[in-house]
Amino acid sequence: MQEIQTAAELRAWSRSTRASGATVGLVPTMGALHEGHLSLVRAARQRGDRVATSIFVNPTQFGPNEDFARYPRTFAADCALLEAEGVEVVFAPAVEEIYQPGASTFVEVKGLSQRLDGASRPGHFRGVATVVAKLFAAAEPERAYFGQKDAAQVAVLRRMVADLLLPMELVVCPIVREADGLAMSSRNRYLSAEERAESLALSRAVRAGEAAFARGQRSAESIRSAARHELERSPAVRADYVALVDWATLLPVETAAAGHLLAVAAWVGTTRLIDNCILGN
Ligand code: AMP
Numbered sequence: 004m005q006e007i008q009t010a011a012e013l014r015a016w017s018r019s020t021r022a023s024g025a026t027v028g029l030v031p032t033m034g035a036l037h038e039g040h041l042s043l044v045r046a047a048r049q050r051g052d053r054v055a056t057s058i059f060v061n062p063t064q065f066g067p068n069e070d071f072a073r074y075p076r077t078f079a080a081d082c083a084l085l086e087a088e089g090v091e092v093v094f095a096p097a098v099e100e101i102y103q104p105g106a107s108t109f110v111e112v113k114g115l116s117q118r119l120d121g122a123s124r125p126g127h128f129r130g131v132a133t134v135v136a137k138l139f140a141a142a143e144p145e146r147a148y149f150g151q152k153d154a155a156q157v158a159v160l161r162r163m164v165a166d167l168l169l170p171m172e173l174v175v176c177p178i179v180r181e182a183d184g185l186a187m188s189s190r191n192r193y194l195s196a197e198e199r200a201e202s203l204a205l206s207r208a209v210r211a212g213e214a215a216f217a218r219g220q221r222s223a224e225s226i227r228s229a230a231r232h233e234l235e236r237s238p239a240v241r242a243d244y245v246a247l248v249d250w251a252t253l254l255p256v257e258t259a260a261a262g263h264l265l266a267v268a269a270w271v272g273t274t275r276l277i278d279n280c281i282l283g284n
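The opening residue of the sequence shown carries number 4 in the numbering used here; numbering runs sequentially from there.
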């Protein structure tokens, strides 16, 4: 596996890969890798792509009081995992490579970027869209792989790819969970044993909403309150949002239908976690 630090080298690898008749699959990550990330790599390999994984803790997507400084950085272990999955390139640029001195261009997906996590984390999706656009420009992939775990991010990036006429496909992969249902996340390592137990409220909330829909409930408010009720049962959990939205626009719906996104975000102690499901899936 090649370790690459510059956009120019990544582009050169991508172009020579394409010249040899292969396709390039990009898996953007912030590292601290787990099975959720590896599922994206496997999806790319299954499609026959040669895979580049980026590991970059992107400062512009963190708010001033968020966890940028203490975000887990486990580069050596991450590389071992990626190598074992047959990844060809790990792209791990310095912050100055991605944000050159004087950098003043940002990608803002208006409207969408202010919804769900964007409402709770002002500037977050502007940072995400900007870094992902830069990664796409550097890697020129045929396909890029993202997890449904970050469903609002998927909506923002789909809109960005369409609006910027980017000649690539976004592939969205299912949420990978721990055996007890907790959606895998790099931030799960912040949880104490007690918080880890309480964090199951999120997956329970999503399942409760999903079950209400499966029983025939179509009132968005009833589905949301079934989910909210599960969050409220756990004293250590503080809901940030419980939303039922159109997945493409992230706007709330009143009547639930298959394909709508039920998304929750909650604080467990000082850790903010998210989970979701697509109704009728
Ligand atoms: P991150 O390193 O948290 O920025 O995540 C990098 C990519 O991995 C994003 O596309 C995430 O949606 C995806 N991802 C993170 N956790 C999971 C999970 N539990 N299941 C599937 N994909 C995930």
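Glycine included, C-beta positions come from ideal geometry on N, C-alpha and C. Just so we're clear, the structure is a prediction, and the values are computed from it rather than from any experiment.
Going by DSSP, Arg53 is part of no alpha helix (DSSP H) but of the beta strand (DSSP E) stretching over Arg53 to Ile58.
A direct Cα-Cα distance of roughly 11 Å separates Glu69 from Thr63. When secondary structure is reduced to three states using DSSP, Glu172 falls in the strand class. Counted as a single uninterrupted DSSP element, the stretch harbouring Trp16 is not any beta strand (DSSP E) but the alpha helix (DSSP H) occupying residues Ala10 to Ala22.
Here the alpha carbons of Thr274 and Tyr193 stand approximately 7 Å from one another. Non-local C-beta neighbours of Pro255 in its own chain, meaning closer than 6 Å and more than five positions away in sequence, comprise Val248, ordered along the chain.
Of the other Cβ atoms in all chains shown, fewer than 16 fall within 10 Å of the Cβ of Gly219; this residue is therefore exposed. Remark: the C-beta of Val174 is outside contact range of the ligand AMP, defined as less than 7 Å to any heavy atom. The segment 270-284 makes contact with the segment 197-217, as at least three CB pairs between them are under 8 Å. In the displayed model, Asn191 falls within a helix according to three-state DSSP. Membership of Gln5 in any alpha helix (DSSP H) is not indicated; the residue belongs instead to the beta strand (DSSP E) covering Gln5 to Ile7. Within 10 angstroms of the beta-carbon of Arg227 lie 16 or more other beta-carbons, which makes it buried. Three or more beta-carbon pairs drawn from the segment 137-144 and the segment 22-29 are found closer than 8 Å, and the two stretches are therefore classed as touching.
Only exposed fits Ser19, as fewer than 16 other CB atoms lie within 10 angstroms of its CB. Looking from the CA of Arg76, the closest CA among Leu276, Asn61, Gly89 and Ala87 belongs to Asn61. Spanning the alpha carbons of Gln5 and Glu235 requires a straight line of approximately 47 Å. Annotation for Gly212: the continuous alpha helix (DSSP H) segment containing it runs Leu203 to Ala217. Segment contact: the segment 150-161 against the segment 123-139, three or more CB-CB distances shorter than 8 Å; contact assigned. Shortest Cα-Cα distance from Ile178 to any of Ala147, Leu169, Ser57 and Ser188 involves Ser188. For Asp166, the three-state secondary structure derived from DSSP is helix.
If you keep only unbroken beta strand (DSSP E) runs of at least 3 residues inside the segment 100-152, you get 146-150.
Counted as a single uninterrupted DSSP element, the alpha helix (DSSP H) harbouring Leu85 occupies residues Phe78 to Ala87. Taking a contact as a CB-CB distance under 8 Å, the pair Ala223 and Thr258 counts as one, their CB atoms being some 6 Å apart. Non-local beta-carbon contacts of Gly184 in its own chain, meaning distances under 8 Å to residues more than five positions away in sequence, involve Leu203, Ser206, Arg207 and Arg210 in chain order.
For Ala242, the enclosing beta strand (DSSP E) starts and ends at Val240 to Val248.
Pairing Ala122 with Trp270, the inter-Cα distance amounts to about 15 Å. Residue nearest to Leu119 within the set Ala165, Val245 and His40 is Val245 (criterion: CA-CA distance).
For Arg50, no alpha helix (DSSP H) segment is defined, and its DSSP state is neither H nor E. A distance criterion of 7 Å places the beta-carbon of Ser188 in contact range of the ligand AMP, judged by its closest non-hydrogen atom.
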